[in-house]
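J.: Residue numbers (full-length UniProt numbering): 1 to 454. Can you read through this structure? Questions will come right after.
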Ligand code: FES
Ligand SMILES: [Fe+2]
């Protein structure tokens, strides 16, 4: 394939109408290849390739957005990302050799620099004209926060700046960035799951529960968990979109708020989770999320990041005992017990939220047959996510930029992760960020261990 790096960003003929019907859009939107509208749109964003520490003295094979690539760290320490298949006779460059000039194919020694130029052909005459003809695919890369990122869109000689995710720039806690796992289905099954907060109450049965007796005197955190009493809204935001749940509590001026955020191309975040139980009220504040490396239409890899800080209590809910929520008698494993008549691919799958998400997302199909869907009121977040994608895909098809993430003067974007109790009078139910647990207000402990708003 011709390297898109050299293509102009604005196509010569921009269509007036991109999708005739929603069905046309739904067919295109999960696609990732370079010739699809979904894939063209995704290529206008920076994507994580691998961790910096993955690139040492050997090449690293990596499929990104349906293209087979190979990343390598040159002898000068700089990273390159080029097409995997050697231009000579198709050997894979993942078995290549790292040399001063670039990456050398192990078969006949053709050597490529970071911009895909062939700089050496040891079995050809000196100064062969063939050298100038070879243009290996390449993409610009940037290393930031221990992660290697790439921009696979057109104009890669001068790519747009990398929008930096706030949590990866934080220094006020212990940040862990790790590989999650590989999944064998489309990345939108995952993102749509994250735009859908209702499933937590049914699939995971993780609704807030009663405050434990020994905590209640310090802080009654019981909240109303009846779904039909919860305010459920989704908002377009400066970083992408978010969904928010607002629960009532016994105190009319105290609400429990939970926020989930998504930033394109595939970054998700959820709020600080705290614990702080008697007798010592030791608590950690934890902010979690991650991002996907979109491999192709049917595969992705997860990178997770978590920031943990010792901190004052920013109160959370206490999850319901999930055995009780599942209607199980004490001491029984029920659906979580492996049964000898369970022939499902994932037997005994219930009870662990990450496994529950995997099972359900995979069960929807590699690409779900969305023409058979029946969207309902609980899907407002899913609808908002699709609209965000649709607007961006239409913009790219018409020669404009897709949704642009708003960054501050340091190139960093802040994502709303508010989770906790808020005074009703101070709650902002809208696109702007609620104060995060980084600097935010909420229930904290005074010096006597009593929970107070601050
Ligand atoms: S196949 Fe790579 S140099 Fe021959
Ligand atoms: Fe989930």
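Here a beta-carbon is modelled for each residue, glycine too, at the ideal position from N, C-alpha and C.
#1: What do you reckon, are the CB atoms on residue 233 and residue 223 nearer than 8 angstroms?
#2: With DSSP as the reference, identify every bridge partner of residue 299, one or two as the case may be.
#3: Express the C-alpha separation of residue 374 and residue 381 in angstroms, rounding to a whole number.
#4: Is residue 126 buried or exposed, if buried means 16 or more other CB atoms sit within 10 Å of its CB?
#5: Counting only runs that start and end within the region 4 to 75, where is the beta strand (DSSP E) found for 3 or more residues in a row?
#6: Would you please state the rounded distance, in angstroms, between the beta carbons of residue 47 and residue 167? I believe it to be under 8 angstroms.
#7: Residue 191 to residue 377, Cα distance in whole Å?
#8: Given the structure, does residue 203 come close to ligand 2, in the sense that its CB is under 7 angstroms from one of the ligand's heavy atoms?
#9: At 3 residues or longer, what runs of the beta strand (DSSP E) sit wholly inside the region 141 to 197?
#10: For ligand 2, any of its heavy atoms closer than 7 angstroms to the Cβ of residue 357?
#11: Tell me whether residue 91, by its Cβ, gets closer than 7 angstroms to a heavy atom of ligand 1.
#12: Start and end of the alpha helix (DSSP H) containing residue 104?
#13: Quick check on residue 291: does DSSP put it in helix, strand or coil?
#14: Under a Cβ-count criterion, where at least 16 other Cβ atoms within 10 Å of its own Cβ denotes burial, should residue 182 be classed as buried or exposed?
#15: Could you please give me the residues that DSSP links to residue 97 through a beta bridge?
#16: Could you spell out where the alpha helix (DSSP H) holding residue 363 opens and where it closes?
#17: Any contact of the region 97 to 111 with the region 159 to 179, i.e. 3+ C-beta pairs under 8 angstroms?
#18: Relative to the C-alpha of residue 197, which candidate in 372, 247, 138, 238 has its C-alpha closest?
#19: With hydrogens ignored, establish whether the beta-carbon of residue 200 is closer than 7 angstroms to any heavy atom of ligand 2.
#20: If you measure from the CB of residue 189, is any heavy atom of ligand 2 nearer than 7 angstroms?
#21: Check for me: the alpha helix (DSSP H) holding residue 345 runs from which residue to which?
#22: May I ask you to report which of helix, strand or coil DSSP gives residue 378?
#23: Just to confirm, does residue 118 get its C-beta within under 7 angstroms of one of the non-hydrogen atoms of ligand 1?
#24: For residue 111, count neighbouring Cβ atoms within 10 angstroms of its own Cβ and tell me buried if that reaches 16, exposed if not.
#25: Which full runs of the beta strand (DSSP E) of 3+ residues lie inside the region 389 to 430, going along the chain?
#26: List the endpoints of the continuous alpha helix (DSSP H) containing residue 133.
#27: Just to confirm my understanding: we take residue 15, look at its own chain, exclude 5 residues before and 5 after, and list those with CB closer than 7 angstroms. What are they?
#28: How far does the beta strand (DSSP E) with residue 200 in it reach, from first residue to last?
#29: In three-state DSSP terms, what is residue 278?
#30: Using 7 angstroms as the cut-off, classify the Cβ of residue 95 as near or not near the heavy atoms of ligand 1, replying yes or no.
#31: Quick one, which of 154, 99, 88 has its alpha-carbon nearest residue 124's?
#32: Given a cut-off of 8 angstroms, decide if residue 94 and residue 59 are closer than it, judged by their beta-carbon atoms.
#33: Which residues share a DSSP beta bridge with residue 241?
#34: Under the rule that 16 or more other beta-carbon atoms within 10 Å means buried, what is residue 50, buried or exposed?
#35: Are there any heavy atoms of ligand 2 lying less than 7 angstroms away from the beta-carbon of residue 193, as far as the coordinates show?
T.: Answer, in terms of the structure:
#1: No, the Cβ-Cβ distance between residue 233 and residue 223 is not below 8 angstroms.
#2: 296
#3: 14 angstroms
#4: exposed
#5: 46 to 51, 60 to 64, 67 to 73
#6: Between residue 47 and residue 167 a beta carbon distance of about 17 angstroms is seen, past the 8 angstroms cut, so the two are scored as non-contacting.
#7: Between residue 191 and residue 377, the C-alpha separation is close to 18 angstroms.
#8: Yes; taking the cut-off as 7 angstroms, the Cβ of residue 203 has a heavy atom of ligand 2 nearer than that.
#9: 141 to 144, 147 to 151, 174 to 183
#10: yes
#11: yes
#12: Segment 102 to 104 is the beta strand (DSSP E) holding residue 104; no alpha helix (DSSP H) there.
#13: strand
#14: exposed
#15: 104
#16: 353 to 363
#17: no
#18: 247
#19: yes
#20: No; taking the cut-off as 7 angstroms, the Cβ of residue 189 has no heavy atom of ligand 2 nearer than that.
#21: Run containing residue 345: none; DSSP gives neither H nor E here.
#22: helix
#23: no
#24: buried
#25: Within the region 389 to 430, the complete beta strand (DSSP E) segments of 3 residues or longer fall at 419 to 423, listed in chain order.
#26: 130 to 133
#27: 397, 398
#28: It is not in any beta strand (DSSP E) - residue 200 instead sits in the alpha helix (DSSP H) that spans 199 to 202.
#29: Bear in mind that the predicted position of residue 278 carries a pLDDT of just 49, short of 50, making it unreliable; the figure below should be weighed with that in mind. Coil at residue 278, not helix or strand.
#30: no
#31: 88
#32: Contact: yes.
#33: 236, 262
#34: Under this definition residue 50 is a buried residue.
#35: Checking the Cβ of residue 193 against ligand 2 gives yes.
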